[in-house]
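A short write-up of the structure that comes next.
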Amino acid sequence: YVFAKNLFEAGHLGALEWAIYQDWHTFLLQELAERVALHGFLYLQAAPEKCLERLRRRGRPEEKGVQLDYLQQLHAQHESWLVDRTTEVHFAGLREASVLVLDVNRDFEHDAAVRDVLMAKVGSAGAPCRGSSLK
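If you want it as structure tokens, here you go:
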């Protein structure tokens, strides 16, 4: 949702296209609600600079043109939606879903201690994700 919202706010989607997207988004969520029941979100929160560093290190050709300003826009969209809860979302299930925020700026791939802390936070949130915004 935030990717399309970002496209609209950047002027890459017109008002009509954005309205159609929102209508389809709402329709699909309503139609698939029972099959894709949402219990919560795990928000892997990282600074845009850290995301760019990881993206560059990964070296995927299709990501070569991604710029820091785009990642900053997406970061702001996710923060507004999942942390600040100020994004207007047209589906109650998305508005009311709990969010577990995990700070993933540190290297959890190669640092077992960091990874263990993250896993403990996920485990303590319960299944399905019952916790409110945790850091």
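Residue numbers (full-length UniProt numbering): 1 to 135.
Where a beta carbon is used, it is the ideal one built from N, C-alpha and C, also for glycine.
Predicted, not measured: the structure shown is a model, and the values here were computed from it.
Problem - Span separating the alpha-carbon of residue 25 from that of residue 38 - result: Just so you know, the alpha carbons of residue 25 and residue 38 end up roughly 14 Å apart.
Handout entry: CB contact flag (residue 44, residue 83, <8 Å)
Key = No, these two residues do not count as a Cβ contact at 8 Å.
Handout entry: Unbroken alpha helix (DSSP H) run spanning residue 1, endpoints
Key = Element bounds for residue 1: n/a, residue is neither H nor E.
Practice task
Helix, strand or coil for residue 122, going by three-state DSSP, please let me know.
Solution key: Residue state, collapsed to three classes: helix.
Exercise for the section: Report yes if the CB atom of residue 72 is closer than 8 Å to the CB atom of residue 48, and no otherwise. Expected result: Going by C-beta atoms, residue 72 is nearer than 8 Å to residue 48.
Problem - residue 36 Cβ short of 7 Å to the ligand NAP heavy atom set - result: Of the ligands one can find in the structure shown there are none, so the ligand NAP has no counterpart to examine.
Practice task
Run the CB neighbour count on residue 64, radius 10 Å, all protein chains shown included, and call it buried at 16 or more, exposed below.
Solution key: Answer is exposed; the Cβ neighbour count stays below 16.
Practice task
Report the three-state DSSP secondary structure of residue 93 (helix, strand or coil).
Solution key: In the three-state scheme derived from DSSP, where H, G and I count as helix and E and B as strand, residue 93 is classed as helix.
Problem - Beta bridge counterpart(s) of residue 103 as assigned by DSSP - result: Per DSSP, 45.
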